[in-house]
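Peer 1:
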Amino acid sequence: MKSNPESRVRNFRKAAKGLEFVQTTQQGMILTDRGEEYVAGGDYEMQPWNVTASQADTLIDLLYEKPFYFDLTYNLVALLDSVFELSKNSHPVPRDQIEDWYTSKVGKRDNWVSGPGQALFDGSAHILTNLGLSRASINNFI
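Numbered by our numbering, the letters in the sequence shown go through residues 1 to 142 in order.
#1: Let's test the definition: count the other Cβ atoms within 10 Å of the Cβ of Ile-30 and tell me whether it reaches 16, buried, or not, exposed.
#2: Could you pull the start and end residues of the alpha helix (DSSP H) that Val-83 belongs to?
#3: For Phe-12 and Ile-98, what's the separation of their Cα atoms in angstroms?
#4: Based on the DSSP output, what are the partners of Pro-94 in its beta bridges?
#5: Expressed to the nearest angstrom, what Euclidean distance is found between the alpha-carbon atoms of Val-83 and Val-106?
#6: For Leu-86, I'd like the list of residues in its chain whose CB is within less than 7 Å of its CB, leaving aside the five on either flank, ordered along the chain.
#7: Going by DSSP in three states, Thr-52 sits in which element: helix, strand or coil?
#8: For the alpha helix (DSSP H) containing Val-39, name the first residue and the last one.
#9: Alpha helix (DSSP H) containing Val-162: first to last residue?
#10: What number of angstroms, rounded off, separates the C-alpha of Asn-50 from the C-alpha of Leu-80?
#11: Which residue from Gly-18, Glu-6, Leu-128, Asp-122 puts its Cα closest to that of Tyr-69?
#12: Indicate the three-state DSSP secondary structure (helix, strand or coil) for Gln-47 in the structure shown.
#13: So the candidates are Lys-66, Ala-53, Ala-119; which of them puts its Cα closest to the Cα of Leu-133?
#14: Please work out which residues of its chain come closer than 7 Å, Cβ to Cβ, to Gln-118, disregarding the five sequence neighbours upstream and downstream, and give them in chain order.
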C-alpha cells in the first residue's frame, strides 16, 4: 500500500495538537511551551527520527499529567498497564495475551480489525519502547 503524504501530515498535526505541542491561532499553528521543550530536546543531526532521553521525559511527563486527555496518551497508558498487569503471571508476557487484554481494556474487543487495530497496537508498542517504558520483541513484551 502506498503512503498518502496528506494523510500522514494530518496524523502528525492531530498528534501534535493532542500532545499539546502546538496550538492553532489565526496566524496558523504555533509551538506551545511543551512543544518548544520537545523540539529543544531533539538531536536532529545525530538521530533525527529517534526520540532522545529529553524528548522521552517530555512525553512521559504528559502521560503522568494527562493520561486520558487524548486518544494517543490513553492508548499508551492502556498498553503499559496491560503489560504491567499480565507480567504478574508471566515474564516476558506473550504478545497474544497482551493483544487480547489490551483490546478489552480499550473497548475494542468486538470491533478489532486486524489492519487498523494491529497498526494502533504496533505503533503504541513502538512508542513505549522509544520512551524506554517497555520493550517489545516479535512475540513478547518485557
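All C-beta atoms, glycine included, are put in the ideal place defined by N, C-alpha and C.
Peer 2: The relevant details are as follows:
#1: exposed
#2: 71-86
#3: 26 Å
#4: Asn-140
#5: 14 Å
#6: Val-93, Gln-97, Ile-98, Trp-101
#7: coil
#8: 33-40
#9: Residue coverage of the chain in this structure runs from 1 to 142, which leaves residue 162 outside it and unanswerable.
#10: 20 Å
#11: Gly-18
#12: When secondary structure is reduced to three states using DSSP, Gln-47 falls in the coil class, being assigned neither helix nor strand.
#13: Proximity to Leu-133 across Lys-66, Ala-53, Ala-119 peaks at Ala-53, based on C-alpha coordinates.
#14: none
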